[in-house]
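For reference, the structure is listed below as structure tokens.
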Amino acid sequence: MSRLKQTAIWITLLSIFLKLLGFVRESMIAREFGVSNETDAFMIAFTFVTLILALIANGFNSAFLPKYVEKRKENMEEAERNANGVLNYTTLFFLGVSVIAYFFTPTIVEFLFGSRSEETLRITVDLTRVFFICMVVIALSGVLESYLQARRIFVPTQLSKIMGTLMATLFIIFFADMWGIYSVAYGFVFGTFLGVCIQFGALVYGGFKWMPKFKLDDEFGRKLMLLLAPALLHSSVGHINVFVNKMFANRIETGAVTYLNNASLIMSIPSTIFTTTIVAIIFTLLSEQADNKEKFRETLYMGYQIGMMTLLPIAIGTLLVGKAVISFIYEGGEFTAQDTANTYFVLQLYIPIILTQGLLVIGVKGMYAQGAAKRLLKISSTTILLNAALNWLFIQPLGYPGLALSSSVVALYYVTATTLAVYRDYDRSELKKLVQLFFRVLVPSIIMAVPIVLIQQFTSIETLYALWRLLILVPIGVVFYVAGMYVFYREGFRQMLRVVKDRKSMS
């Protein structure tokens with residue numbers, strides 16, 4: 001079994017475990033605190049954390065990794081010196097930002113989000129200050145992920161993410177009665193610190209030597225800065241849109257932020273696992289193959305193919321069984337059946353993003369490997385204006401669900417524009433192959449959906465407990481999808497087997 005294949009299996013298993021653990025955490029938050037001012041406040045405060053992680057793990061990674069890999073091929077010693085300089089500058093920068101942000105937290109929160117509730121505003125400020133104090137730890141987690149990925153060390157990053165979720169869950173169990181919603185924040189920060197220790201230890205074990213130096217090679221620094229600004233802006237686009245959505249939602253009614261957040265978490269699970277496993281490896285390969293146009297094209301198509309075959313049936317399946325998923329994860333305690341219905345309505349509007357989010361990352365990573373950061377910046381910037389305009393348009397007739405619909409429309413535009421851009425220098429037949437790929441995967445996905453719909457309509461399965469419904473419907477869907485792939489898309493079926501088995505499909 002190839003090393004990359006073994007790594008892919010491990011990080012896939014760890015990603016699934018991380019998501020299952022995340023289910024437990026979210027379920028406990030829902031049952032302990034329900035849909036309330038406290039949960040709205042936590043979701044808003046945690047937005048700052050996700051923004052920082054996105055800026056570093058996605059933006060910094062997209063700019064730093066190709067140049068670092070390139071420099072390591074030319075001069076290993078100089079590459080390590082540059083890496084130390086970047087790490088040290090990043091640490092000092094976020095230490096300074098932490099101090100400044102802490103004192104201006106009330107102003108920042110009130111300006112960005114406001115609130116219909118004074119209690120929500122107060123709790124949001126307190127929680128945001130907790131995250132701001134520990135901003136450097138959160139940022140280091142993302143930076144070290146890039147350094148490890150450059151060495152093809154992927155597992156410690158997943159372990160680091162698990163620690164943050166695990167500690168947040170344990171802190172709810174042991175300290176929720178004492179600290180309330182604050183226990184989740186304290187646990188996450190503590191777990192993230194432990195995760196950074198794991199990452200740094202793995203990096204040192206992999207040969208990295210920390211040096212208290214700040215000097216960067218002029219050419220490396222210049223190239224990095226040219227890529228960094230558009231990379232950071234691109235990586236923050238989605239989270240700027242989330243900020244805008246929550247700005248609207250928090251001014252509508254109590255619970256709107258929680259409904260949107262809970263639905264988006266379920267929506268993001270498949271693409272997150274896909275992004276942190278398959279895409280992490282594919283981007284490394286794309287960075288290494290940027291000078292080989294034919295090999296690059298093959299790897300790029302493989303990314304789209306695996307993404308389509310994985311995410312399209314999951315999107316359709318989530319549309320059909322999403323209510324049972326929400327009920328199983330959240331419902332109980334303070335989270336009512338009506339809360340489940342409200343969350344499911346939002347989830348239905350988020351469905352297209354399950355597919356587009358995963359495919360988008362393939363296109364984006366491909367453009368960075370091509371050095372097309374400026375072109376990507378132009379595309380990314382337009383989504384902010386489009387999202388704001390659609391929010392204003394949809395929120396009047398639809399209320400907070402309109403924000404989910406807006407996100408889906410923007411995502412469809414974004415993935416289309418990015419795919420056209422990454423294939424710009426290739427023959428148009430390559431784009432036709434992607435369109436054909438979509439319909440070839442759609443056929444077995446529909447075959448999967450038919451028996452699920454029939455069972456839901458003509459049996460009493462909906463009266464069963466949510467978990468039993470899922471245990472019945474999901475395996476049936478998987479069997480019919482695989483059978484449909486075998487009959488109608490044999491090439492894709494064989495590709496799936498190559499991913500499951502070891503035939504060096506990703507090496």
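Note that the working numbering numbers the sequence shown so that position 225 is 225, with each residue one more than the last.
From the three backbone atoms N, C-alpha and C, an ideal C-beta is built for every residue, glycine too.
Beta carbon of Q305 nearer than 8 Å to that of G142: Taking 8 Å as the Cβ cut-off, Q305 and G142 do not qualify as a contacting pair.
Same chain only: Cβ atoms within 7 Å of F33, ignoring 5 sequence neighbours per side: Correct list, in chain order: T39, I181 and E334.
Please list, in chain order, all residues of the same chain as L390 whose beta carbon is under 7 Å from its beta carbon, the five residues on each side excluded. Residues S406, V409 and V410 of the same chain have their beta carbon placed closer than 7 Å to that of L390, with the five preceding and five following residues left out of the count.
Which same chain residues end up closer than 8 Å to N250 when comparing Cβ atoms and leaving out the 5 residues on each side of it in sequence? The beta carbon of N250 lies closer than 8 Å to those of D40, I44, F113, G114, S115, R116, T120, A256 and V257 in the same chain, with the five residues before and after it left out.
Are the beta-carbon atoms belonging to V204 and V130 less than 8 Å from one another? Cβ atoms of V204 and V130: not closer than 8 Å.
Just how far apart, CA to CA, sit L412 and V237? Spanning the two alpha carbons is a distance of roughly 14 Å.
Tell me the DSSP secondary structure of G22 in three-state form. When DSSP states are grouped into helix, strand and coil, G22 belongs to the helix group.
For S98 and F46, I'd like the C-alpha separation in whole angstroms. Rounded to whole angstroms, S98 to F46 spans 15 Å at the Cα level.
Go through its chain and collect everything with a Cβ distance to T124's Cβ below 6 Å, but skip five positions before and after it. So the list reads A41, I44, A45 and V109, once near-sequence residues are dropped.
Collapsed DSSP secondary structure at R503 in the structure displayed: For R503, the predicted model reports a pLDDT of 41, less than 50, meaning its position is unreliable and no value from the coordinates is stated.
First and last residue of the uninterrupted alpha helix (DSSP H) at K374: Run containing K374: A373 to L398, per the alpha helix (DSSP H) assignment.
Identity of the residue in N241, P270, Y147 and A263 nearest K19 by Cα: Nearest of N241, P270, Y147 and A263 to K19, Cα basis: P270.
Following the continuous alpha helix (DSSP H) through M135, name the residue where it begins and the one where it ends. From DSSP, the alpha helix (DSSP H) with M135 extends over M135 to A150.
Could you pull out every residue in the same chain whose Cβ sits closer than 7 Å to the Cβ of L224, ignoring the five residues on either side in sequence? Once the five neighbours on either side are set aside, the close Cβ partners of L224 are A63, F64 and K67.
Do A466 and F328 have their beta-carbon atoms positioned less than 8 Å apart in this structure? For F328 and A466, yes; Cβs fall inside 8 Å.
Collapsed DSSP secondary structure at G191 in the structure displayed: G191 falls in the helix class under three-state DSSP.
For C197, count neighbouring C-beta atoms within 10 Å of its own C-beta (all shown protein chains included) and say buried if the count is 16 or more, exposed if not. When all chains shown are included, C197 counts as exposed.
Please return the same chain residues whose Cβ sits closer than 6 Å to the Cβ of M309, not counting the five positions on each side in sequence. Take M309, set aside five residues on each side of it, and the residues of its chain with a beta-carbon closer than 6 Å to its own are V441 and G492, in chain order.
Within 8 Å, strictly: CB atoms of G484 and P444: The answer is yes: Cβ separation under 8 Å.
Since F193 and T128 are thought to touch, with beta carbons under 8 Å apart, how far apart are those beta carbons, to the nearest angstrom? So it is not a contact: roughly 18 Å between Cβ atoms.
Could you give the distance in angstroms between the alpha-carbon of L434 and the alpha-carbon of L320? Cα-Cα distance, rounded: 25 Å.
I'd like the list of long-range same chain contacts for I476, defined as Cβ closer than 8 Å, with 5 residues on each side in sequence excluded. These residues qualify, in order along the chain: P451, I452 and I455.
Per DSSP, which residues does F111 bridge with? Please list them. According to DSSP, F111 shares a beta bridge with no other residue.
Where the alpha helix (DSSP H) through L360 begins and ends: Boundaries of the alpha helix (DSSP H) harbouring L360: A337 to Q370, taken from the DSSP string.
A421 beta carbon less than 8 Å from that of I379: Taking C-beta atoms as the reference points, I379 and A421 count as a pair closer than 8 Å.
In the DSSP assignment, what residue or residues form a beta bridge with G332? Note: G332 sits in a beta bridge opposite F335.
Which of helix, strand or coil DSSP assigns to K213: Three-state result, K213: coil.
Using beta-carbon positions only, say whether T418 and M367 come within less than 8 Å of one another. For T418 and M367, yes; Cβs fall inside 8 Å.
Under 8 Å: do the segment 78 to 91 and the segment 163 to 178 share three or more Cβ pairs, one atom per stretch? By the criterion of at least three beta-carbon pairs nearer than 8 Å, the segment 78 to 91 is not in contact with the segment 163 to 178.
Buried or exposed for A512, going by 16 or more other Cβ atoms inside 10 Å? Outside the modelled stretch of the chain, which goes from 1 to 507, sits residue 512, for which no answer is possible.
Tell me which residue opens and which closes the alpha helix (DSSP H) that V35 is part of. From DSSP, V35 is part of no alpha helix (DSSP H); its letter is neither H nor E.
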